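To start, the structure itself, in structure tokens.
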Amino acid sequence: MTAAPALVCPAGSLPALKAAVDNGADAVYLGFRDATNARNFAGLNFDEAAARTGIRYAHARGAAVLVAINTYPRPGAWTDWIRAVDRAAALGVDAAILADLGLMQYACDAHPGLRLHLSVQGSATNHEAINFYFRQFGVRRAVLPRVLSLAQVENVVRNTPVEIEVFGFGSLCVMVEGRCTLSSYVTGESPNTAGVCSPPRAVRMQQAGDSMEVRLGEVLLDRFATGEQAGYPTLCKGRFEVAGEHGYALEEPVSLNALALLPELMRIGVKAVKIEGRQRSPAYVATVTRVWREAIDACTRDPSGFRIGPRWNAELSRQSEGRQCTLGAYERPWR
Amino acid sequence: MHAGRLRAAVALMKLALGPLLYFWPRARVLDFYACAERWPVDIVYLGEVVCARRREVRLRDWLDIGERLAAAGKEVVLSTQAVLESEADLRALRALVRNGRFGVEANDMGAVRLLAGHAHFVAGPHINLYNPQALRVLAALGMKRWVPPLELARSALADMQNERPLGVETEAFALGRMPLAFSARCFTARHHGLRKDDCGLRCRDDPDGLPLRTQEGMSFLVLNGIQTQSAAVCSLAGQIEAAAALGVDVLRLSPQSAHMEEVIEWFRARIDGRCSAAQADAALAPLLPGPMVAGYWHGRAGMHA
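Chains as they are written, first to last, in our numbering: chain A, 1 to 335; chain B, 1001 to 1305.
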């Protein structure tokens, strides 16, 4: 039997956390209700009481809780970030997911028993970088940016003692996480500093004749004809013009779905699969968690006989952005 | 700061020619750096930062170019590739780090890992340093200079400078189209309908990148292979006194295909006190490939003035 990777699911709220745990997540990840995490959206995330309830709920059912404190603190707000680390440690979380060098040093010094994961926002795409965080801070797991091919993931796994976690499903970052400031170029706020990309406060939708114009700040991201499906206006998924050609110059509104690669991910020794989507509903979390749980269980029982269940992809694509899925960078032609 | 002391601080600032971010034909690269030998810059960063497929100028060529620049009195630094994915990327990184001659600018934590404890290094703009605690971690490992992330505001930089570790220099990205993002995907190849593995090196056709406009025709971004840049040009020519007051030691000017020498001369004139901010801005505007902005510096959206 192949060792099953841990299924790590998003919890943007207490109901989402329960949905993940009830549907078979091995771990959930959550953030506190402020800019210390990379999904800093109104109405989302956990205050201390909700976090305590959620942790109790998960632990009682054998699921781990990981707390993402994965934005980069700026000098004036440093204490907010170290308080978040202190809070995570005091709550008894199973790991803190960090990106910032200064914050990792603080966590090592102040909470030597706290298990550390390197966030995808840490942009570590190779084993030398991951081994830096291992040597320096004793990081136990690293989440890989969505930029490596399967062969490259395998090479990383072979060359580091750090557990490797990869994205399995969800919204697709076309850029290397932690190395994209497109959002702050237009709005002043980026994932690194504010925990947001293309923040809702900067989005404007305007009817113009028979089309709908979508802007981020003053930048026109797209025009939609009546009846055309419009997803959340993420900057890199707009339609632009390059040398006279119009279209999705950077990326189409698609989601990552690596379900078909599960046997390969298991064979190469990936220790955890992450589902993206703390900003999504409990229903999304329930469906995606359940499908991935079934798939991981099936693949663990019989890796060579693994076939994608007939309902799985249909259920997943209903939850996808743009209802289209891609293997992303795992597959070379995407590049 | 007292006016006289500020003038002295400005006069001590150094100019750096940042690494070439575009793919130019070999002859053009050699010619550019032959010219750079007599340009009034103090530091020159060399090497391919963006894409491993750009192989017209190899490490030994960069070392030769570096020798000539060093003989002309420049400090030479070799810049590492920003996104390292494959074992081949890491082999190239190791060769560059162990070049035995010039200092290295790390643009990935993998490079920091190889340099830590062995050699002084520069932490480039693609290393995420947003607070003094992070600066201290790298200073303890041998960082002698850092380039703040492009999006860092002057106010945050001021706070970091107050607690900057002793002996660490600060270099601000002071002129050029801003490198905003990296991807595994090559957007230039995608535009041409080609796969990255068989891209035909089409980025060679765009000496200042491939412009991307909104559906309203607004110049927005520039595609440079796997890198996405701003269409607007960051310029701190008007902010030199403010930068000096914060203790910024070096101003980085990013290579562009035309008027590089004139651009450098105007920055040199600002440092030497031979022209005002307004005079420099007026002179620079027609020399740049896009409108001048400094939004990030002022704590605003990067595309704003």
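Yeah, the Cβ is synthetic: ideal placement off N, Cα and C, and Gly gets one too.
Quantities reported herein were computed from a predicted structural model and do not represent experimental measurements.
- Straight through space, the alpha carbons of ALA230(A) and GLY1004(B) are spaced by roughly 58 angstroms.
- Of all residues in the segment 1188 to 1201 of chain B, only HIS1191, ARG1195, LYS1196, ASP1197 place a beta-carbon less than 7 angstroms from a beta-carbon of chain A.
- The C-beta of ALA1119(B) comes no closer than 8 angstroms to any C-beta of chain A.
- Looking at the DSSP output, TRP1146(B) bridges to ALA1123(B), THR1170(B).
- In the three-state DSSP reduction, GLU294(A) falls in the helix class (H, G or I).
- Beta-bridge partners assigned by DSSP to GLN207(A): MET212(A).
- Residues of the same chain with their beta carbon placed closer than 6 angstroms to that of GLN1133(B) are lacking, with the five preceding and five following residues left out of the count.
- Within a 10 Å sphere around the beta-carbon of ARG1091(B) sit fewer than 16 other beta-carbons, which makes this residue exposed.
- Of the candidates GLN319(A), ILE296(A), THR326(A), the residue whose Cα lies closest to the Cα of PRO5(A) is ILE296(A).
- At least one CB of chain A lies nearer than 8 angstroms to the CB of GLY1110(B).
- Assigned with DSSP and collapsed to three states, MET104(A) falls in helix.
- For MET1292(B), no CB of chain A lies under 8 angstroms from its own CB, so it is not counted at the interface with that chain.
- Going by DSSP, GLY1110(B) is part of the alpha helix (DSSP H) stretching over 1109 to 1115.
- For the segment 1198 to 1225 of chain B, the set of residues with a beta-carbon nearer than 9 angstroms to any beta-carbon of chain A comprises LEU1210, PRO1211, LEU1212, ARG1213, THR1214, GLN1215, GLU1216, GLY1217, MET1218, PHE1220, LEU1221, LEU1223, in chain order.
- Contact annotation: in the segment 1171 to 1188 of chain B, residues whose CB is within less than 8 angstroms of a CB in chain A are MET1178, LEU1180, ALA1181, PHE1182, SER1183, ALA1184, ARG1185, CYS1186, PHE1187.
- Contacts with chain B at 8 angstroms (Cβ-Cβ) include THR187(A).
- Here ASP94(A) is near VAL65(A), since their CB atoms are less than 8 angstroms apart.
- About 6 angstroms separates the beta carbons of MET1303(B) and ALA1232(B), which is inside the 8 angstroms limit, making them a contact pair.
- For ASN257(A), the nearest beta carbon of chain B is not closer than 8 angstroms to its own beta carbon.
- Taking 8 angstroms as the cut-off, the Cβ atoms of LEU1157(B) and PHE1023(B) do not count as close.
- GLN207(A) counts as exposed, since fewer than 16 other C-beta atoms from the protein chains shown sit within 10 angstroms of its C-beta.
- Distances from the CA of TRP292(A) to each of GLU276(A), SER304(A), ARG52(A) were compared; the closest alpha carbon is that of GLU276(A).
- For ASN1128(B), the closest Cβ of chain A is nearer than 8 angstroms.
- Distances from the alpha-carbon of TYR57(A) to those of LEU17(A), ALA68(A), PHE306(A), ALA90(A) put LEU17(A) closest.
- With a cut-off of 8 angstroms on Cβ pairs, the segment 151 to 167 of chain A is not in contact with the segment 242 to 253 of chain A, counting fewer than three such pairs.
- For ILE69(A), DSSP records a beta bridge to LEU98(A).
- Chain A places a beta carbon closer than 8 angstroms to that of ASN1131(B), counting this residue as a contact.
- For GLY247(A), the enclosing beta strand (DSSP E) stretches over residues 245 to 247.
- DSSP places ILE1043(B) within a strand segment (E or B) once states are collapsed to three.
- With a threshold of 8 angstroms between beta carbons, ALA96(A) makes no contact with chain B.
- Among the residues facing chain A, THR1228(B) is included, as its CB has a counterpart in that chain under 8 angstroms away.
- No Cβ of chain B is located within less than 8 angstroms of the beta carbon of SER171(A).
- Against chain A, the beta carbon of SER1079(B) has no neighbour under 9 angstroms; the closest one sits roughly 15 angstroms away.
- Here DSSP, grouped into helix, strand and coil, assigns VAL273(A) to strand.
- Taking ALA3(A) as reference, the option from ILE268(A), LYS274(A), SER211(A), ARG307(A) with the minimal CA-CA separation is ILE268(A).
- Under the Cβ distance rule, SER1235(B) does not count among the residues neighbouring chain A, no pair being separated by less than 8 angstroms.
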